[in-house]
Every structure is written in C-alpha cells, then in structure tokens.
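Residue numbers (the working numbering): 182 to 399. All C-beta atoms, glycine included, are put in the ideal place defined by N, C-alpha and C. All values reported here derive from a predicted model rather than from experimental measurement. These notes concern the structure reproduced below.
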Ligand SMILES: Nc1ncnc2c1ncn2[C@@H]1O[C@H](COP(=O)(O)OP(=O)(O)OP(=O)(O)O)[C@@H](O)[C@H]1O
Ligand SMILES: [Mg+2]
C-alpha cells in the first residue's frame with residue numbers, strides 16, 4: 182500500500198523530532214517509540230553536553246542553541262528535547278511530535294520531581310500559553326506537526342500512534358490543544374498556586390458618593 186502524507190516509504194530515512202515542555206513525557210515516549218521501531222533515540226540535551234555545546238552555570242546547563250543548530254544527525258533517529266524547534270531545522274525532519282500536558286497535571290509531575298516553586302510556575306506558565314507548540318509552528322511545515330495530550334493517554338499508546346504517523350497510516354493533526362480556552366479559572370489558579378495572590382494596596386482610595394447621596398443630589 183502507498184504511504185499517505187509526505188513520508189517516504191523507505192523506513193530507513195525517517196527523521197522524527199519529539200518536543201514539548203519539560204515533564205510532558207518526551208523521554209518516556211521517545212524511548213517507547215525507539216523500542217517499537219528501528220529508530221535510534223537521541224536526547225538533544227545529552228548530545229549538547231557531550232559535544233561541548235553546553236556550559237555549566239551553577240546547577241544548570243546553558244545550551245548554545247545558535248552553535249548547535251543543524252549539527253544533530255537526524256537520519257533514522259528520534260531526536261528529542263524541548264529545544265528541538267530552536268536547534269533542528271525544518272529540512273532535517275519528516276515528522277515533528279509535540280507533547281502537551283494539562284497545567285494541573287504538569288504541576289503534579291514537577292512536584293514529584295521536587296522542582297523549586299519558581300521553576301514550577303515558570304514551566305507551567307510556558308505550557309499554558311504553548312511556547313514550544315508556537316515555536317514549532319514557526320519552525321516547521323505545519324503538515325509535518327502532530328500534537329498529543331499526555332495528561333491521560335499512556336506513553337505506549339502515544340508511541341504506537343507516532344509509529345502509525347511515521348508509516349503514513351495516520352495523518353498529522355495539530356492545533357486542537359489550547360489550555361487557555363479550555364481550562365477553568367480555578368484549575369489555572371491551582372496550577373499557579375500563590376503567584377497572583379499578592380498585589381499592591383493603592384495609596385489613596387478615591388471617595389465616591391453613596392447611591393443615596395447621589396439620589397438626593399438630583
Ligand atoms: N503519557 C504519559 N502519561 C502519564 N504520565 C506520563 C506520560 N508520559 C510521561 N509521563 C510521566 O511524566 C513524567 C515526565 O516524563 P519524562 O521524563 O519522559 O518527561 P520529559 O518531557 O522528558 O521531561 P524533561 O524535559 O524534563 O526531560 C514521568 O514521571 C513519566 O512517567
Ligand atoms: Mg527528558
């Protein structure tokens with residue numbers, strides 16, 4: 182059967198990118214996909230550290246995305262990392278998978294990892310507004326991009342559906358996940374916890390007439 186979409190039938194030439202906010206399940210889904218296909222898994226962060234594209238600053242690594250761009254071999258590989266849209270150009274990929282996770286569940290995953298509160302809020306906010314998804318839309322041909330919600334779907338199911346996309350059995354789909362329009366305000370508040378609970382008290386409260394006083398005036 183002829184493969185659908187733009188993918189070549191030659192399985193050896195498949196070049197897949199997996200990205201998403203930290204904790205959306207890139208590592209888990211990528212290794213599951215690598216296990217059920219002949220694609221080799223490669224982590225962008227590990228590649229950057231091993232090949233001196235990363236500088237250690239305190240407890241974190243800062244990756245030189247400008248220098249790293251275009252340097253990762255993608256052929257017959259699953260290249261995975263949140264920096265994908267910044268370091269792997271459109272011409273080097275056949276399929277881009279963006280993993281998403283609801284802000285509330287993402288907070289729980291970060292709490293389990295014992296992330297500091299500042300880092301939790303920063304990453305939850307980035308997922309809420311879809312920073313990585315937007316970067317993918319800018320970087321890649323929209324026909325190559327597919328999006329999966331990992332909030333309730335098992336990583337193995339997502340890996341299997343990704344394989345179906347690679348084989349052309351399923352068509353890529355993108356743009357249905359929007360936490361800003363589908364979440365309730367209370368779920369946002371709990372995902373961000375106390376961040377917006379404090380505000381400045383205005384110096385002077387403007388006086389205004391009571392309804393009764395207004396009535397008597399006219
Ligand atoms: N589809 C999924 N359903 C439920 N839980 C998942 C799913 N995918 C991953 N997880 C869980 O979420 C956590 C984060 O997964 P993982 O380490 O793969 O994320 P990541 O995107 O690689 O994160 P980072 O960018 O920080 O490396 C893990 O505890 C994993 O078990
Ligand atoms: Mg990871």
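Ligand 1 heavy atom lying under 7 Å from the CB of residue i
| i | result |
| --- | --- |
| residue 279 | no |
| residue 289 | no |
| residue 335 | yes |
| residue 263 | yes |
| residue 284 | no |
| residue 331 | yes |
| residue 203 | yes |
From the options, residue whose alpha carbon lies closest to that of residue i
| i | options | result |
| --- | --- | --- |
| residue 289 | 268, 196, 203 and 197 | 203 |
| residue 201 | 270, 300, 258 and 277 | 277 |
| residue 351 | 370, 285 and 324 | 324 |
| residue 298 | 345, 374, 195 and 220 | 374 |
Cβ-heavy atom distance, residue i to ligand 2, below 7 Å
| i | result |
| --- | --- |
| residue 207 | yes |
Short Cβ contact (8 Å threshold) for residue i with residue j
| i | j | result |
| --- | --- | --- |
| residue 198 | residue 280 | no |
| residue 261 | residue 207 | yes |
| residue 326 | residue 366 | no |
| residue 328 | residue 314 | yes |
| residue 228 | residue 253 | yes |
| residue 264 | residue 343 | no |
| residue 371 | residue 285 | yes |
| residue 361 | residue 301 | no |
Task: Entirely enclosed alpha helix (DSSP H) segments - the stretch 219-293, minimum 4 residues - done: 225-231, 246-249, 265-268 and 284-293
Task: Length at least 4, wholly inside the stretch 305-372: the alpha helix (DSSP H) runs in chain order - done: 312-320, 336-347 and 360-363
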